[in-house]
Amino acid sequence: MTTAQQAVFARHEAVEHLERLLHTSENLRNLSLLLEEYESERHATKEQLSSALAAHMNDLRSGLDGLDRAQDALAAFESRFASIEALCAECASLVDAKESIRRLGAVHSNVRQTLHSAETVATLPRQAAEAEKILNTSNDSASSLLRAYLSLAELEATVVKVKHALDAFKSQQATSTLQVPSLDFYFTQVHRAMTKVEERVWSTVRSFRTVAERNPAMLVAALQVIEIQEGVDRELLAAGQGGSKLRKGWRARCMQQLAASLQESFAPLLQRCSKIMAEDADVEQLLREVLNEANSLILELKKTRNVVVPCFPPHYAVLLVICSECNLHVGSMLDLVGLSANRLSNGDILLCMRWVEEYNKTMKLINSSSNSKVLLNSDSTNNCTSNGTNNFSGVAMLLEKYSSRVAEILGSWLSNIVEQDFKGEPAISQAGKLWTPGPVDLFRILDEQLGVAATAGGVLIRRVAAEAARMLRSFQQLTRGKVAASEHPLEILCAVANNSQRCHSLGLEFVARVKDLLETCGGGGGGPPGGEAGGIHSVSPASQQGTPGSHTTATTLSNTIDDSEAEADLKDACSSFLDIGDVALSSCVETVFGDPGFADLFGRVGFSDGWLSGTVTDSVLATLDDFMHDFETWLQPQLYRKLVDLLLGETTAHFVAAVTMQLRSVQERELKALRRDVAKIKSFFGGLVSSDRAALECQPLMDTIDFLASDSVESFTLSYSTLLETAPGISPVLLSNLLAARVASDEDMTKADAKEVMEACRQVFAGKKQPSSGSSAGGAPVAKRKATTGSRALPGSRDAAFMAALNAARRRPDTAM
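Residues 0 to 816, numbered by my numbering, are exactly what the sequence shown covers, in order.
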């Protein structure tokens with residue numbers, strides 16, 4: 000739409016609008032208002048148009064300015080295109096010469112590096128001389144050593160790089176006639192200076208004790224040099240250059256230098272030790288000199304601990320290294336001493352063991368701040384030598400020799416003690432108990448040996464305790480042999496039984512003393528006597544005269560026998576004395592029932608008129624009463640009660656054996672006599688043991704009576720089953736005499752009936768025997784002894800049959816024990 004059209008359209012709309020406004024006569028009255036409104040709107044519209052026109056003019060002016068700038072930019076761009084075309088033409092010419100340019104750049108770089116390397120190589124002698132001058136400025140200057148090393152380390156790295164470059168160049172120019180000049184003069188200067196630095200470092204480390212006291216800063220500087228070099232080694236290793244000449248491993252060499260220094264210190268001592276092995280040597284005097292010299296070395300080590308350890312880095316664990324080396328050389332010293340153990344007296348061996356304990360105590364004090372304790376193994380049984388063979392260590396040789404001598408001494412005393420105990424008359428205590436002096440003498444000797452061992456520390460205490468346990472077992476074996484070898488009076492046997500109980504008590508006291516001594520040795524946490532000497536004293540002849548317990552030691556020794564094993568072994572040996580008491584009591588029972596007159600009484604049980612009337616049983620019990628009055632006087636109450644139990648069991652067994660072998664008739668009078676015997680036995684022993692115990696021991700005899708009184712196969716079988724529960728040794732063979740007596744005296748029972756009963760009993764016995772065949776026989780200890788007692792008056796085969804029946808009757812089930 001054009002502007003003219005828009006104007007016409009606007010006029011037309013205005014006319015229509017005016018017509019609408021003046022459509023009525025009332026609207027004509029408002030004509031003036033309309034004119035005013037019109038004028039205001041026209042004025043506003045005019046202002047709006049003026050503003051819009053001004054804005055359009057500004058936009059037009061800006062657009063014209065932009066066009067001017069664009070025209071200028073296009074002109075500049077056209078000029079740039081011209082420059083680009085010129086540069087492209089120049090680059091096209093350079094591309095053709097790029098290889099020449101690259102070579103020229105490489106040559107320039109190589110020439111510059113070569114000139115720099117040449118300048119560096121040329122200055123090597125001067126810089127090495129400067130470093131050497133720094134090193135020689137002051138031999139005791141710590142800073143000069145560190146500065147010289149740092150300077151030379153850099154020069155040494157340069158030398159390695161230059162050598163590597165020369166080697167590479169020579170390999171590339173192998174066929175060339177070009178002569179490469181030798182630079183060894185320059186390299187030698189650096190190597191010579193670095194060698195002097197190394198010599199200074201290692202001389203400082205080898206003299207670590209002296210340097211640490213006089214100039215600790217020098218030792219610290221040397222260790223700083225080693226640490227810096229160790230860092231270089233780690234970097235080379237991480238970079239895969241473990242074979243580089245710059246990697247030196249100085250830390251390991253430092254440990255070797257420390258070991259070499261200590262070896263030099265101990266060399267004169269070991270040389271003196273070797274003189275002990277000479278045939279004409281004064282072993283005692285040389286031993287004291289050796290130990291005194293060793294004391295001096297250890298005490299010097301202790302004095303230098305406070306100044307040496309702070310100089311070393313903590314991760315070097317230098318104290319552990321020093322202690323380990325000392326242990327190695329001290330062990331060698333003791334090995335040389337141990338080779339002459341046969342020529343040393345027990346006093347000299349004790350002197351060595353005391354020294355070892357004091358040495359360990361001192362080493363513990365020296366190494367108290369370390370978590371790892373490296374102390375001499377003073378009870379090792381063998382050491383591996385350089386050629387691979389196993390030899391006893393020196394300390395083990397000394398201990399072995401001392402133990403063998405103690406065993407020899409104790410062995411000779413043992414046989415004499417046991418022999419005198421059985422030869423002489425037993426002594427009577429104020430309470431009337433019998434005893435012999437053997438136990439007192441035995442433990443007095445053991446206490447003396449223990450007291451001597453206590454002066455040398457826990458290791459020797461354990462050895463003596465082990466030897467004491469062996470001696471106690473030997474004493475028990477000799478006593479058993481004496482008891483079993485021949486007949487002895489009841490007084491001697493009672494004394495042996497009392498002695499066994501006394502030995503057990505004395506043995507437990509001995510174990511307690513051993514335990515206390517070991518705990519005392521193990522509790523010595525404080526410093527040893529002697530102040531700064533750390534408990535290692537000068538050795539003199541008087542030092543051998545120690546008192547028990549005067550040298551407390553720490554439980555720092557590595558031992559093949561620990562405290563608990565030593566105590567357990569001793570307790571086990573002491574408990575075996577109670578078995579000796581049982582053997583002696585069994586021999587008492589054997590002697591009582593082996594009395595010919597007493598045995599003759601049992602030979603009349605089961606068939607004689609005296610037995611039927613009760614006279615025989617009364618005589619048996621009266622005889623037992625006489626014996627038991629003596630036993631009650633002679634034996635300790637506990638042993639007497641145990642003997643009563645044995646006599647009760649043996650009495651019942653003799654009655655059962657006598658009935659099974661000698662009963663000739665089974666009538667009411669025999670059954671009544673048997674029941675009477677049971678009642679008398681219970682009554683006799685009822686005041687000495689509990690009623691339940693008496694009833695239990697008499698039960699086999701009661702079951703035998705029930706068997707004899709049975710009236711049918713079933714009742715026989717049932718009663719025999721019950722008998723086997725209380726006396727499992729009664730076999731069907733032993734029942735044959737009972738059944739024969741029943742057939743002979745009972746018209747209602749025939750041989751066929753007896754045969755049927757016997758067959759049923761065999762089946763019962765076979766059924767009972769199968770599940771219990773693996774169990775051991777119970778019963779009183781006397782049943783386990785040799786069956787040579789009982790009815791000595793019985794002749795020949797009858798005696799053997801009675802003994803078989805007696806042994807069967809002695810057996811008791813395990814539940815009855």
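For glycine and all other residues, C-beta sits at the position ideal for the given N, C-alpha and C.
This one's a predicted model, so the numbers in the text were calculated from it and none came from an experiment.
With a contact defined as Cβ atoms closer than 8 Å, residue 688 and residue 644 qualify at about 6 Å. Taking 8 Å as the upper bound for CB-CB distance, residue 145 and residue 223 are in contact here, some 6 Å apart.
Counting every other CB atom within 10 Å of its CB across the protein chains shown gives residue 14 a total below 16, marking it as exposed. By the 16-neighbour rule on beta-carbons within 10 angstroms, residue 352 is buried. When the alpha-carbon of residue 631 is set against those of 613, 584, 598 and 617, the nearest one is in 584. Excluding residues up to 5 positions away in sequence, 269 lie with their Cβ nearer than 7 Å to the Cβ of residue 331 in the same chain. DSSP places residue 63 within a helical segment (H, G or I) once states are collapsed to three. DSSP, read as helix, strand or coil, puts residue 445 in helix. When 142, 187 and 136 are compared, the shortest CA-CA separation from residue 157 is found for 187. Contact holds between the region 699-706 and the region 715-722, because three or more Cβ pairs, one in each stretch, are under 8 Å apart.
Bounds of the alpha helix (DSSP H) holding residue 608 are 608-612. A distance below 7 Å between beta-carbons, with the five flanking residues on each side excluded, links residue 303 to the following residues of its chain, in chain order: 208, 211 and 212. Counting C-beta atoms within 10 angstroms of its own C-beta, residue 266 has fewer than 16 neighbours from the protein chains shown and is therefore classed as exposed. Per DSSP, the continuous alpha helix (DSSP H) segment holding residue 699 begins and ends at 690-707. Each residue's CA atom was taken as its position, placing residue 653 and residue 663 some 17 Å apart. Taking C-alpha positions only, residue 408 is separated from residue 325 by approximately 36 Å.
Using a Cβ distance threshold of 8 Å, residue 477 and residue 393 do not count as a contacting pair. For residue 101, same chain residues with a beta-carbon under 6 Å away, outside a window of 5 residues either side, do not exist. Under the 10 Å beta carbon count, residue 82 is surrounded by fewer than 16 other beta carbons and is classified as exposed. The beta-carbon separation of residue 655 and residue 726, rounded to 7 Å, stays under the 8 Å limit for a contact. A straight-line Cα-Cα distance of about 18 Å links residue 87 and residue 75. The C-beta distance from residue 638 to residue 497 rounds to 7 Å, short enough to fall under 8 Å.
Residue 49 is classed as exposed because its beta carbon has fewer than 16 other beta carbons within 10 Å across all chains shown. In the DSSP annotation of this structure, the continuous segment of the alpha helix (DSSP H) that includes residue 596 starts and ends at 595-601. By the neighbour-count definition (other C-beta atoms within 10 Å, threshold 16), residue 286 is a buried residue.
Within the DSSP secondary-structure output, residue 434 pairs in a beta bridge with 426. Per DSSP, reduced to three states, the secondary structure at residue 487 is coil, with no helix or strand assignment. Cβ contact annotation for residue 499 (same chain, cutoff 6 Å, sequence separation greater than five): 576, 579 and 580, in chain order. Of the residues 507, 615 and 517, the one whose Cα lies closest to the Cα of residue 569 is 507. The criterion of a C-beta distance shorter than 8 Å is satisfied by residue 715 and residue 759. DSSP, reduced to helix, strand and coil, places residue 729 outside both helices and strands of the structure shown, so it counts as coil. Look at the beta carbons and you see the region 452-472 not touching the region 669-676: under three pairs across the two are nearer than 8 Å. Excluding the 5 residues flanking it on each side, residue 249 has same chain C-beta neighbours closer than 7 Å at 225, 228 and 229, in chain order. One Cα belongs to residue 438, the other to residue 501, and the distance between them is close to 7 Å. The beta carbon of residue 141 sits closer than 7 Å to those of 216, 217, 219 and 220, all from its chain and outside the five residues before and after it, given in chain order. Counting the other Cβ atoms within 10 Å of the Cβ of residue 710 gives fewer than 16, which makes it exposed.
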